[in-house]
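Protein chains in written order, with our numbering: chain C, 130 to 557; chain D, 130 to 557.
Heads up, the beta-carbon is just placed ideally off N, CA and C, and yes, glycines get one too.
All values reported here derive from a predicted model rather than from experimental measurement.
Just below is one structure, and these are the notes that go with it.
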């Protein structure tokens with residue numbers, strides 16, 4: 130296990146980060162031209178290394194867990210931090226799955242001929258060097274590193290201080306994969322310090338880093354957006370809404386709401402606010418509330434919702450703005466589709482929103498007007514996931530509109546170039 | 130003609146810019162849902178208004194030209210600033226042409242079904258509000274404003290101080306078009322001051338502006354990249370190269386090089402550095418040099434090039450880094466394809482680069498390895514243009530890799546959303 134190096138002054142950190150950046154830039158050039166087979170071999174060998182290093186990884190994780198417990202970290206964070214046999218195998222299986230994905234590099238996205246005989250193609254190429262800043266989940270090391278590699282990018286990883294030893298152990302398996310495939314180990318680098326100054330350097334070294342992907346809570350994302358001189362794929366809150374329309378099928382509504390809220394409460398596609406058309410509140414809502422409350426979900430509602438079930442607590446203005454990521458749901462009665470769209474526009478985070486209705490016209494209006502990365506009709510919001518979309522894996526869900534929006538998979542980690550073939554054409 | 134308002138303190142400017150931003154955000158919402166016919170009507174009415182206001186526009190331009198001459202501005206800048214009947218008609222024709230383009234909004238980019246029956250579509254939507262900062266060319270007002278409108282975006286225009294009156298006169302025609310079509314005039318706003326503090330505000334009001342497009346020289350672009358808190362479509366230098374390979378057809382080489390350099394020397398697709406394989410320098414280069422020198426182009430070459438023609442001046446290290454935008458060409462002899470690619474990698478600006486060869490394998494290597502927005506084989510670099518690519522019109526050529534790369538046309542001014550249609554699906 131690599132010990133955490135002692136880097137004491139910010140001058141040292143700036144120099145070290147530049148060194149990492151130079152290495153990443155060089156590796157990116159090689160990776161951008163690397164054959165698919167070499168990249169897949171690196172991924173499969175890394176998966177094998179993870180399986181072979183299971184015990185070392187769990188020992189490193191035990192060290193992180195002990196330090197985290199001593200710091201009095203919350204149960205939810207401890208759960209994100211903890212690794213076990215199943216979670217290590219799941220990371221390894223994830224690498225194998227990414228090896229199976231189609232290589233996006235070199236794909237011809239579009240191709241056309243001009244009247245003068247020029248043939249123009251838009252060809253997919255890697256983005257370059259990707260900086261990934263994440264918090265306590267150590268598995269992001271494997272997920273993000275491997276997605277970047279598959280798309281032909283180098284990456285510089287900065288894990289959270291809580292998961293430092295676990296992430297290093299996982300990273301060392303990725304290094305073994307790169308070596309076994311004859312690819313530069315600088316293709317996946319990890320910042321060897323938990324000093325926050327290193328993040329400041331990463332966010333400003335635009336000569337060496339092409340895009341920053343922050344994975345974590347609002348504080349991290351906001352710091353990155355404020356300080357970064359490099360384009361950022363933003364993954365803001367998933368303040369997810371479902372609107373139950375006047376023409377909703379009651380049974381579908383009950384199933385979809387329950388699944389959207391309770392399947393896993395801590396993921397960004399989990400439902401946070403339920404809006405119900407006044408015309409069907411009396412008939413549809415009592416069953417839904419009873420299901421949720423019985424399953425241990427707290428309901429915070431407006432006065433009309435409170436009148437339907439004595440166990441409903443009052444919702445405050447703050448509740449409409451809150452991504453709980455816990456078994457709590459805010460519920461509001463609205464007059465019509467327009468009021469639902471306006472609520473989502475005003476309070477929402479443009480991540481994922483859903484309408485439940487049998488009225489195709491209402492569904493079309495909702496999906497056209499709600500300005501979110503993902504809009505759903507009659508399906509659980511927990512489908513907001515790259516895997517569920519058929520993309521294989523994702524590095525997160527972007528709530529920004531530039532470059533990548535929604536699940537960020539291998540294709541979204543690429544750019545393109547125009548390749549123009551002529552036969553001596555000059556421009557008149 | 131609107132007089133330039135007197136805005137004296139930066140507090141006034143901040144408040145004014147926020148007001149502009151709020152108006153643009155509101156207009157963007159309306160435009161994002163506006164029918165294609167309304168947008169096209171606004172474009173055609175604006176074209177008519179430009180034709181009808183020809184005399185007022187030329188009078189405003191005369192005012193700008195007089196002030197520019199008094200300031201002793203260069204002939205090249207004066208040429209960019211000057212309008213005449215033909216240039217006004219060309220702007221009007223440009224608006225009509227954009228009205229003819231296919232509306233990108235609502236386009237289904239991709240659509241697929243999942244095994245669970247979910248149908249997923251990726252649907253094109255506008256980006257939102259676009260801030261455009263440009264220098265002396267007043268026609269950017271019409272070109273940029275109309276492209277944004279067609280793609281369903283609102284925009285905030287900031288023209289150069291030299292073209293202030295000309296740009297306002299053109300802008301007022303765009304406003305007439307919006308009014309005639311019943312669209313909000315706030316969809317195309319123009320900052321009513323030449324105070325540079327307004328640019329500082331524009332670059333930081335991320336609540337109101339989604340992307341910044343700078344159009345101008347390196348100083349402007351660098352200021353924007355340094356100060357912007359908003360994603361930027363970068364349009365850096367076009368330090369364009371042609372490499373004449375060992376297997377080049379001499380006649381094609383001669384035609385393509387001459388056209389790439391001399392058709393128009395001031396555009397970003399104009400050739401700036403010519404690299405020639407040593408094996409064919411003696412046979413191919415003398416004719417090319419003679420053509421260019423005869424046409425008034427200055428040649429700056431390395432010692433081998435100087436040996437071929439006494440009129441060649443010595444090239445300095447600085448020449449390999451210079452985008453002349455004038456009738457000057459730097460010429461260097463290289464040993465092979467690898468040396469040419471290395472030169473382009475080291476000195477280039479990743480804009481547009483070309484290989485001339487009959488060797489398909491050499492062409493494929495060049496086009497794969499040269500990391501530029503546009504790579505050409507056997508065709509003039511002056512084809513680096515959205516119109517020539519069949520995109521109808523462009524707001525510039527992006528040298529960045531995020532979101533838009535190469536010519537930025539209406540499609541590149543859009544984002545997308547995922548529309549997911551289900552029938553009651555919940556996630557296991």
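Is DSSP giving residue 480(C) helix, strand or coil here? The three-state secondary structure of residue 480(C), taken from DSSP, is coil.
Given residue 367(C) as reference, the closest of 421(C), 340(C), 473(C) once Cα atoms are compared: Closest option to residue 367(C), Cα to Cα, is 473(C).
Leaving out the 5 sequence neighbours to the left and right, which residues in its chain are closer than 6 Å to residue 133(D) when beta-carbon positions are compared? No answer about residue 133(D) holds up, because its pLDDT of 45 lies below 50 and its placement is not dependable.
If contact means a Cβ-Cβ distance below 7 Å, which residues of the stretch 518-530 of chain D contact chain C? Within the stretch 518-530 of chain D, the qualifying residues are 518, 519, 530.
Reference residue 451(C), options 363(C), 485(C), 269(C), 347(C), closest by Cα: For the residues 363(C), 485(C), 269(C), 347(C), the minimum Cα distance to residue 451(C) belongs to 347(C).
Classification of residue 521(D) by the beta-carbon crowding that lies within 10 angstroms, buried from 16 upward: Label assigned to residue 521(D): buried.
For residue 267(C) and residue 301(C), which I take to be in contact (beta-carbon distance under 8 Å), what is that distance rounded to the nearest angstrom? Rounded, the Cβ-Cβ distance is 12 Å, inconsistent with contact.
Please go through the same chain and pick out, in chain order, the residues whose beta-carbon is closer than 8 Å to the beta-carbon of residue 463(D), but skip the five residues on each side of it. Answer for residue 463(D): 372, 404, 405, 406, 407, 469, 472, listed in chain order.
How long is the line joining the alpha carbons of residue 230(D) and residue 280(D), rounded to whole angstroms? Rounded to whole angstroms, residue 230(D) and residue 280(D) show a C-alpha spacing of 10 Å.
With which residues is residue 112(C) paired in a DSSP beta bridge? In the structure as shown, chain C begins at 130 and stops at 557. Residue 112(C) is therefore absent and cannot be evaluated.
Segment contact, 8 Å Cβ cut-off, at least three pairs: the stretch 189-199 of chain D with the stretch 239-256 of chain D: Using a Cβ-Cβ distance cut-off of 8 Å, the stretch 189-199 of chain D and the stretch 239-256 of chain D are not in contact, since fewer than three pairs of beta carbons, one from each stretch, lie closer than that value.
Would residue 191(C) pass as an interface residue toward chain D - the criterion being a Cβ-Cβ separation below 7 Å? So, not an interface residue.
Terminal residues of the continuous alpha helix (DSSP H) containing residue 390(C)? Counting along the chain, the alpha helix (DSSP H) containing residue 390(C) begins and ends at 379-391.
Which residue from 168(C), 177(C), 483(C), 497(C) puts its Cα closest to that of residue 314(C)? Comparing Cα positions, the closest option is 168(C).
Residue from 524(D), 491(D), 254(D), 239(D) whose Cα sits closest to the Cα of residue 519(C): Residue 519(C) has its Cα closest to that of 239(D), out of 524(D), 491(D), 254(D), 239(D).
How long is the line joining the alpha carbons of residue 225(D) and residue 275(D), rounded to whole angstroms? About 10 Å.
Identify the contact partners of residue 555(C) in chain D, using a Cβ-Cβ distance below 7 Å as the criterion. Those are 384, 385, 388, 509, listed as they occur along chain D.
Every unbroken alpha helix (DSSP H) inside the stretch 423-451 of chain D [4 residues or more]: The stretch 423-451 of chain D contains these whole alpha helix (DSSP H) runs: 432-437.
For the stretch 317-350 of chain C, which residues have a beta carbon sitting closer than 9 Å to at least one beta carbon of chain D? Within the stretch 317-350 of chain C, the residues whose Cβ lies closer than 9 Å to some Cβ of chain D are 335, 339, 340, listed in chain order.
Taking residue 344(D) and residue 364(D) to be in contact with their CB atoms under 8 Å, please state how far apart those CB atoms are, rounded to whole angstroms. Taking the Cβ atoms as the reference, residue 344(D) lies roughly 6 Å from residue 364(D), within the contact range of under 8 Å.
How would you list, in chain order, the residues of chain C whose beta-carbon sits under 9 Å from the beta-carbon of residue 128(D)? Absent from the model: residue 128(D). The displayed extent of chain D is 130 to 557, so no value can be given.
Close Cβ partners of residue 136(D) (< 7 Å) along its chain, the five nearest in sequence each way excluded: Any reading at residue 136(D) needs caution, since the residue's pLDDT is 47, under 50, leaving its predicted position unreliable; the model's value is listed next. Short of 7 Å from the beta carbon of residue 136(D), and not among the five residues preceding or following it, lie these beta carbons of its own chain, in chain order: 142, 145, 322, 324.
Enumerate, from N- to C-terminal direction, the unbroken alpha helix (DSSP H) stretches of 4 or more residues contained entirely within the stretch 321-406 of chain D. Along the stretch 321-406 of chain D, the alpha helix (DSSP H) occurs as fully enclosed runs of 4 or more residues at 326-331, 347-356, 379-391, listed in sequence order.
Which bits of chain C does residue 229(D) rub up against, with CB to CB less than 7 Å? By Cβ distance, chain C contributes nothing, its closest Cβ being about 16 Å from residue 229(D), past 7 Å.
In angstroms with no decimal places, state the Cα-to-Cα distance between residue 131(C) and residue 293(C). Any answer about residue 131(C) is weak, because its pLDDT of 42 lies below 50 and its placement is not dependable; what the coordinates show is given next. One C-alpha to the other measures close to 11 Å.
Closer than 6 Å by C-beta to residue 437(D): which residues in its own chain qualify, once you throw out the five before and the five after it? Chain order, please. Only 414, 415 meet the Cβ criterion.
Look at the alpha carbon of residue 171(D) and the alpha carbon of residue 400(C), and state the distance between them as a whole number of angstroms. Per the coordinates, the alpha-carbon of residue 171(D) lies some 41 Å from the alpha-carbon of residue 400(C).
Listed from N- to C-terminal order along the chain, which residues in the stretch 442-463 of chain D have their beta-carbon within a distance smaller than 7 Å of any beta-carbon of chain C? Listed by position, the residues of the stretch 442-463 of chain D near chain C (Cβ gap below 7 Å) amount to none.
Can you list, in chain order, the residues of its chain with a C-beta nearer than 7 Å to that of residue 156(C)? Leave out the 5 residues immediately preceding and following it. So the qualifying residues of the chain are 283, 313, 315, 316.
Rounded straight-line distance, which links the Cα of residue 350(C) to that of residue 524(C): Between residue 524(C) and residue 350(C), the C-alpha separation is close to 15 Å.
Please determine, among 511(C), 337(C), 339(C), 353(C), the residue with the shortest C-alpha to C-alpha distance to residue 384(C). Out of 511(C), 337(C), 339(C), 353(C), 511(C) has the C-alpha closest to the C-alpha of residue 384(C).
Using three-state DSSP, classify residue 458(D) as helix, strand or coil. Reduced to three states, the DSSP call for residue 458(D) is strand.
Run through the DSSP bridge pairs and tell me what residue 547(D) is partnered with. Partner(s): 503(C), 251(D).
Give me the chain D residues within the contact set of residue 550(C), using Cβ-Cβ distance strictly less than 9 Å, ordered along the chain. Neighbours of residue 550(C) on chain D, chain order: 492, 496, 505, 506, 507, 508.
Buried or exposed for residue 237(D), going by 16 or more other Cβ atoms inside 10 Å? Burial call: exposed.
Kindly say whether residue 559(C), judged by its beta-carbon, lies nearer than 7 Å to any beta-carbon of chain D. Outside the modelled stretch of chain C, which goes from 130 to 557, sits residue 559(C), for which no answer is possible.
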